[in-house]
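*Asks:*
Residue numbers (my numbering): 182 to 278.
Dropping the structure here:
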């Protein structure tokens with residue numbers, strides 16, 4: 182896993198957001214609550230409790246968007262997690278939101 186990017190130039194501006202989201206893991210569709218702090222078309226920065234283990238790849242459901250993003254973790258530092266979007270899926274049928 183890489184370290185977080187420096188404050189240098191980025192390829193795409195990441196607008197600040199504050200959205201609730203759910204990490205859905207492949208293990209019996211377990212759910213982990215998190216929040217999005219910034220987001221762009223190719224990825225996002227999440228806030229997750231630092232003691233929570235998350236898999237390298239997972240489904241990130243964002244109720245406000247009504248979309249589940251297939252994601253891969255690119256870096257993690259304490260409670261901050263940078264993810265890249267690899268595609269989208271419709272809202273998971275088993276999710277309450």
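We treat Cβ as the ideally placed atom computed from N, Cα and C, and that holds for glycine.
Computed from a predicted model, the values in this text were never measured in an experiment.
Using the C-alpha atoms, what's the distance from residue 201 back to residue 212?
*Replies:* Here residue 212 is taken as the residue at index 31 of the chain shown, counted from 1. Here residue 201 is taken as the residue at index 20 of the chain shown, counted from 1. Their backbone Cα atoms lie some 13 Å apart in a straight line.
*Asks:* Return the Cβ separation of residue 254 and residue 237 in integer angstroms, given the expectation that the two are a contact with Cβ distance under 8 Å.
*Replies:* The residue labelled residue 254 in the question sits at position 73 within the chain shown. The residue labelled residue 237 in the question sits at position 56 within the chain shown. Indeed they touch by this definition, with Cβ atoms about 5 Å apart.
*Asks:* Going straight from the alpha carbon of residue 225 to that of residue 273, what length do you get?
*Replies:* Counted from its first residue, the chain shown places residue 225 at position 44. Counted from its first residue, the chain shown places residue 273 at position 92. Their backbone Cα atoms lie some 20 Å apart in a straight line.
*Asks:* Scan the stretch 186-245 and note each continuous beta strand (DSSP E) run of 3 residues or more that stays entirely inside, going in chain order.
*Replies:* 197-205, 212-221, 224-228, 238-243
*Asks:* Apply the 10 Å Cβ neighbour rule to residue 188 and answer buried if 16 or more other Cβ atoms are within range, or exposed otherwise.
*Replies:* Walking along the chain shown from the start, residue 188 turns up at place 7. Residue confidence is low: residue 188 scores 48 on pLDDT, short of 50, so the model does not pin down where it sits. No coordinate-derived value is stated.
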